[in-house]
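Engineer: Supplied in structure tokens, the structure appears directly below.
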Amino acid sequence: MAIQLLVNGSEHRVDADPETNLLSALRDRLDLTGAKYGCGDGQCGACTVLVDGRAVRSCITPLGYAEGKRITTIEGLERNGRLHPVQDAFLETGAMQCAYCTSGMILSAVALLEKNPNPSGADIVRGMEGNICRCGSYPRIAAAIRLAASRQKGTAR
Amino acid sequence: MEPERYELRENPQYDFPMDRRDFVRSLGGGLLIIGLVTGLQAQESGRGRRGDQRMPEEMSAWLHIGADGVITVYTGKAEVGQNTRTSLMQAVAEELRTPVASIRLVMADTDRVPFDMGTFGSLSTPVMAPQLHRVGAAARDTLIGMASKQWGIERGALDVANGEVIEKGGSHRIRFGELTRGQELVRTVAHDAPVTPASEWKICGTPVPKVNGREMVTGQHKYSSDMSAPGMLYGKVLRPTAFGAKLVSVDARAAQSMPGVTFVRDADFLAVAAQDPLKAEKAVEAIQAEWKADPQPSSRELFAYLKANIAETQTIHSTGSIPDGMRLGEAALRETYHVAYIAHTPLEPRAALAQWEGDKLTVYTGSQRPFGVRSELAQAFHIPEERVRVIVPDTGAGYGGKHTGEAAIEAARIAKAAGKPVKVVWTREEEFTWAYARPAGIIEIASAVRNDGLLTAWEFHNYNSGAAGIRGIYIVPNERIEFHETKSPLRQGSYRALASTANHFARESHINELAHAVKMDPVEFRMKNLQDARQRAVIAAAAEKFGWGKMKSGCGIAAGFEKNGYVCSAAEVAVDRSTGKVRVVRVVTAFDCGAVVNPDGLKHQVEGAVIMGIGGALFESLEFADGRILNPHLRTYRVPRFSDVPELETVLIDRKDVPSAGAGESPIVAIAPAFAEAIFSATGVRLRSMPLAPNGVKT
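Protein chains in written order, with the numbering used here: chain F, 1 to 157; chain Z, 1 to 699.
Set out below in structure tokens:
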């Protein structure tokens with residue numbers, strides 16, 4: 001079955017079994033491997049991508065659901081060679097160890113800040129609770145989100 | 001360092017060194033620094049080796065400076081999130097007085113790097129970093145010699161800076177690449193080559209950011225599981241229904257009739273390859289296989305099983321007489337502690353991409369032991385190691401859990417059958433079920449103490465969990481320490497800090513209990529029985545930062561020594577009176593691992609160890625029955641999340657006068673006993689089993 005996907009601003013035709021999940025289509029068909037497999041049942045957040053601006057777990061998202069919607073992966077966050085403020089903040093705070101969770105963390109954080117540009121510590125915990133960092137970089141990830149929030153204040157995006 | 005059986009691995013029997021002249025030509029000339037892989041490195045990595053094989057002495061290339069001035073360094077260590085790529089590059093940059101960014105570090109590629117036993121035991125910093133300091137110093141010395149000859153200026157008047165040799169206070173300067181252009185120079189590094197002392201470090205000792213951070217935040221870095229090759233197929237293994245199950249019968253006709261599916265059977269190994277992962281999954285589901293397994297113990301009866309299945313007892317330490325020590329004491333205590341099996345749960349599961357070209361095999365895989373995996377592959381396919389190349393891209397963590405090459409062997413076996421490159425990525429369920437676990441164990445302690453707080457007797461028995469960190473830090477005149485190896489119902493192996501976590505949990509919990517028995521403050525009690533100045537210093541530092549003694553309830557402290565690092569953790573917990581739920585409010589960790597190489601990376605490792613420690617201390621546990629894991633998903637096996645993270649404070653004691661120790665493991669060891677004490681302080685309930693409170697504390 002052919003499905004049209006709009007990923008990072010480009011149209012892609014993916015000929016796949018309709019049971020294929022979005023994560024596999026991105027990784028195995030489009031070679032967009034920034035989104036990671038971590039658990040396969042939406043528990044760890046490593047596969048997080050944005051669909052129409054909302055953070056979704058692509059490992060449990062059927063391809064059909066994503067058809068015709070705007071999909072943003074970590075590869076599409078950079079604009080004209082400039083990193084997204086959340087990416088910059090992750091770099092500046094060194095918010096990663098093995099970094100396998102990083103793509104999912106960044107996209108979850110982008111979605112969180114879109115909804116709530118000025119999150120409290122508790123808002124960050126609530127918004128990011130579905131993302132696991134097994135290396136335990138949580139304090140730095142939270143610091144990165146606070147840094148990005150402070151930079152984004154007043155900046156229309 | 002304690003012997004640790006879970007790090008014992010068979011060595012490759014032989015090695016086939018490449019002709020180094022060919023190697024330097026293949027690099028396009030320039031300056032090549034080589035050295036023997038022997039001495040300290042082999043001793044350290046090979047300690048406790050089975051049998052008495054010596055490491056082959058092999059000349060290996062460590063550093064190359066090409067005509068373009070590019071400095072390439074080679075190491076067999078793997079980056080698994082511990083930031084060793086950055087810290088090792090700092091070592092070379094320090095000696096060559098050149099920016100970190102001017103160096104390329106080739107890691108963990110068995111065709112290109114010197115032999116290395118593996119990335120474990122916190123050895124990268126104490127063993128590999130000094131080696132790379134020596135390599136860098138040898139390169140510096142050679143470059144200065146070359147410039148000295150060219151200019152006719154004595155060596156003492158020259159130095160290196162920013163990728164150039166310069167004349168101190170003079171006008172001569174030349175870039176490294178210009179010096180090495182057209183040369184085919186090979187120099188040997190001496191084992192005792194002088195290196196820059198820590199007190200004079202300019203690049204080491206500073207918070208250099210992760211060198212490939214940008215690739216990480218843009219999703220560009222390719223982990224093993226992200227690799228692909230032209231024509232690649234996706235492999236999937238049909239797992240047995242239980243551990244140790246034997247294949248009775250198989251009917252794979254349905255799978256074989258699926259278009260594009262290759263079915264592989266080799267003895268009890270059943271697998272498929274297909275063009276996409278979903279097809280491979282469906283093909284595996286279509287295989288009808290019958291398995292037969294023997295009855296196996298469950299987690300409910302685990303501890304009785306371990307006690308009933310002792311295979312071998314080792315006396316680790318014995319001094320004085322336990323009966324005498326018990327008589328000399330005025331208070332005695334006998335307690336038993338338990339630890340559960342836990343799973344490493346690296347977020348990147350085991351993965352490999354294997355490709356055969358004729359009888360040469362190349363495998364990309366996430367592993368802490370690239371040369372070990374090469375050895376496993378050579379054995380599995382009965383080919384010489386020289387025909388196997390293992391490449392480990394920077395990996396989605398290991399924590400001691402990726403010492404073996406299962407996915408690599410599986411991918412290679414399927415690729416051999418399919419005649420195409422094959423990638424195998426384990427599912428989370430496979431990772432929980434078919435990887436190895438941190439050993440469970442039982443620890444029994446009998447002790448005695450005088451009313452003035454001096455320990456008189458200490459008898460310590462560890463069943464199964466391991467001997468790492470089994471020797472205490474306290475001075476006891478009558479002591480007996482034994483490790484009892486038992487049969488294990490689950491496959492078990494290394495884990496961050498190995499058994500040191502279990503042994504510290506029991507020992508430090510018991511020390512806290514003894515302090516209460518003689519009505520002494522736990523910090524005062526420790527100081528009374530401790531002599532080591534560095535150990536005392538971390539306890540004093542943690543207590544001071546924490547404000548020990550200022551709060552009445554909910555506070556606990558524990559200390560320890562592991563892999564040449566001294567640690568003390570003080571914790572505050574809050575226990576919900578109605579639900580019993582434990583919330584860790586604050587953890588202060590003081591840590592001394594000698595001269596600090598990268599303060600930011602080190603602090604991050606300490607924080608990571610503390611947070612990982614929270615899981616094992618409070619709620620992680622593998623449940624099993626009849627050869628199956630009962631909680632093989634993140635829904636049922638809980639790991640620490642954002643809401644579990646307390647306020648963290650880290651005190652680093654930077655000892656420029658002491659060699660740097662590795663730091664990724666040690667800071668985990670004092671977490672669980674500090675929590676057990678804090679929970680006791682909050683509720684009066686003494687918990688002696690890890691995990692302490694998977695379902696809260698019953699008060």
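Every residue, glycine too, gets a C-beta built ideally from N, C-alpha and C. These numbers come from a predicted model, not from an experiment.
Would you grab the beta carbon distance between residue 415 of chain Z and residue 354 of chain Z for me? Rounded to a whole angstrom, and I think it's under 8 angstroms.
Structural biologist: 4 angstroms
Engineer: Give the residues from the region 97 to 117 of chain F that approach chain Z closer than 7 angstroms (Cβ to any Cβ), ordered along the chain.
Structural biologist: 97, 98, 99, 100, 101, 102, 103 and 106
Engineer: What's the gap between the Cα of residue 27 of chain Z and the Cα of residue 110 of chain F?
Structural biologist: 44 angstroms
Engineer: Residue 212 of chain Z by DSSP, collapsed to three states: which one?
Structural biologist: Here DSSP, grouped into helix, strand and coil, assigns residue 212 of chain Z to coil.
Engineer: Look at the alpha carbon of residue 538 of chain Z and the alpha carbon of residue 173 of chain Z, and state the distance between them as a whole number of angstroms.
Structural biologist: 47 angstroms
Engineer: For residue 94 of chain Z, which of Z:573, Z:133, Z:110 and Z:171 has the nearest alpha-carbon?
Structural biologist: Considering only Z:573, Z:133, Z:110 and Z:171, the residue with the shortest C-alpha distance to residue 94 of chain Z is Z:133.
Engineer: For residue 411 of chain Z and residue 352 of chain Z, which I take to be in contact (beta-carbon distance under 8 angstroms), what is that distance rounded to the nearest angstrom?
Structural biologist: 4 angstroms
Engineer: Note down, in chain order, all residues in the region 219 to 239 of chain Z with a beta-carbon under 9 angstroms from any beta-carbon belonging to chain F.
Structural biologist: 219, 220, 221, 222, 223, 225, 226, 227, 228 and 234
Engineer: Using a Cβ-Cβ cut-off of less than 7 angstroms, give me the residues of the region 37 to 49 of chain F that come near chain Z, in sequence order.
Structural biologist: 37, 38, 39, 40, 41, 43, 44 and 46
Engineer: Closer than 8 angstroms is the cut-off here; do at least three beta carbon pairs connect the region 635 to 653 of chain Z with the region 681 to 689 of chain Z?
Structural biologist: With the cut-off at 8 angstroms, the region 635 to 653 of chain Z and the region 681 to 689 of chain Z do not touch.
Engineer: Give the single residue among Z:688, Z:111 and Z:457 whose Cα lies nearest to the Cα of residue 329 of chain Z.
Structural biologist: Of Z:688, Z:111 and Z:457, the smallest CA-CA separation from residue 329 of chain Z is found for Z:457.
Engineer: Once the 5 residues before and after residue 280 of chain Z are set aside, which same chain residues still bring their CB inside 7 angstroms of it?
Structural biologist: These residues qualify, in order along the chain: 234, 235, 236, 272, 273 and 274.
Engineer: If residue 50 of chain F and residue 35 of chain F are in contact, beta carbons under 8 angstroms, what's the gap, nearest whole angstrom?
Structural biologist: About 10 angstroms separates the two Cβ atoms, so there is no contact after all.
Engineer: Which two residues bound the contiguous beta strand (DSSP E) that contains residue 246 of chain Z?
Structural biologist: 246 to 251
Engineer: Going by alpha carbons, who is nearest to residue 276 of chain Z out of Z:122, Z:76, Z:404 and Z:262?
Structural biologist: Z:262
Engineer: Extract the residue ranges of the beta strand (DSSP E) inside the region 220 to 277 of chain Z, only unbroken runs of 3 or more that lie entirely within it.
Structural biologist: 233 to 238, 246 to 251, 262 to 266 and 269 to 274
Engineer: Which chain Z residues sit within Cβ distance under 8 angstroms of residue 120 of chain F?
Structural biologist: By Cβ distance, chain Z contributes nothing, its closest Cβ being about 13 angstroms from residue 120 of chain F, past 8 angstroms.
Engineer: Check each residue of the region 48 to 76 of chain F: if its Cβ is closer than 8 angstroms to any Cβ of chain Z, include it; give the result in chain order.
Structural biologist: 73, 74 and 75
Engineer: Straight-line CA distance for residue 693 of chain Z to residue 582 of chain Z?
Structural biologist: Between residue 693 of chain Z and residue 582 of chain Z, the C-alpha separation is close to 7 angstroms.
Engineer: Just the Cα atoms here: how many angstroms apart are residue 44 of chain F and residue 633 of chain Z?
Structural biologist: Those two C-alpha atoms are separated by around 10 angstroms.
Engineer: Using 10 angstroms around the beta-carbon of residue 150 of chain F, count the other beta-carbons present and answer buried if the total reaches 16, otherwise exposed.
Structural biologist: exposed
Engineer: Going by C-alpha to C-alpha distance, which of Z:554, Z:586, Z:455 and Z:76 sits closest to residue 529 of chain Z?
Structural biologist: The residue from Z:554, Z:586, Z:455 and Z:76 with its alpha-carbon nearest to that of residue 529 of chain Z is Z:455.
Engineer: Beta-carbon of residue 605 of chain Z versus every beta-carbon of chain F: anything under 9 angstroms?
Structural biologist: yes
Engineer: So the candidates are Z:626, Z:649 and Z:618; which of them puts its Cα closest to the Cα of residue 679 of chain Z?
Structural biologist: Z:618
Engineer: Label residue 551 of chain Z either buried or exposed according to how many other C-beta atoms from any shown protein chain fall within 10 Å of its C-beta, with 16 as the threshold for buried.
Structural biologist: exposed
Engineer: Tell me, please, whether the region 55 to 64 of chain F touches the region 444 to 454 of chain Z by the rule of three or more beta-carbon pairs shorter than 8 angstroms.
Structural biologist: At 8 angstroms Cβ cutoff, the stretches do not touch.
Engineer: Within the 9 angstroms Cβ cut-off, does residue 157 of chain F reach chain Z?
Structural biologist: Since pLDDT at residue 157 of chain F reaches only 46, below the 50 mark, its modelled position is unreliable, and the value read off the structure follows with that caveat. For residue 157 of chain F, the answer is no, since every Cβ of chain Z falls outside 9 angstroms of its Cβ.
Engineer: At a cut of 8 angstroms, does the region 120 to 127 of chain Z reach the region 649 to 663 of chain Z through at least three beta carbon pairs?
Structural biologist: yes
Engineer: Measure the beta-carbon distance from residue 397 of chain Z to residue 80 of chain Z and round it to whole angstroms, keeping in mind my assumption that it falls under 8 angstroms.
Structural biologist: 5 angstroms
Engineer: Over what stretch of residues does the alpha helix (DSSP H) that includes residue 611 of chain Z continue unbroken?
Structural biologist: 599 to 618
Engineer: Using the C-alpha atoms, what's the distance from residue 111 of chain Z back to residue 702 of chain Z?
Structural biologist: Here chain Z has residues from 1 to 699 only, and residue 702 of chain Z is not among them.
Engineer: Closest to residue 8 of chain F by CA distance: which of F:18, F:32 and F:28 is it?
Structural biologist: F:32
Engineer: Whole angstroms is fine: what's the gap from residue 52 of chain F's alpha carbon to residue 112 of chain F's?
Structural biologist: 13 angstroms
Engineer: Since residue 364 of chain Z sits in a beta bridge, which residues does DSSP pair it with?
Structural biologist: Z:353 and Z:391
Engineer: Ignore the nearest five residues each way along the sequence and tell me which others in residue 424 of chain Z's own chain have a CB closer than 6 angstroms to its CB.
Structural biologist: 235, 352, 407, 410 and 411
Engineer: Based on DSSP bridge pairs, tell me the residues matched to residue 35 of chain Z.
Structural biologist: Z:60
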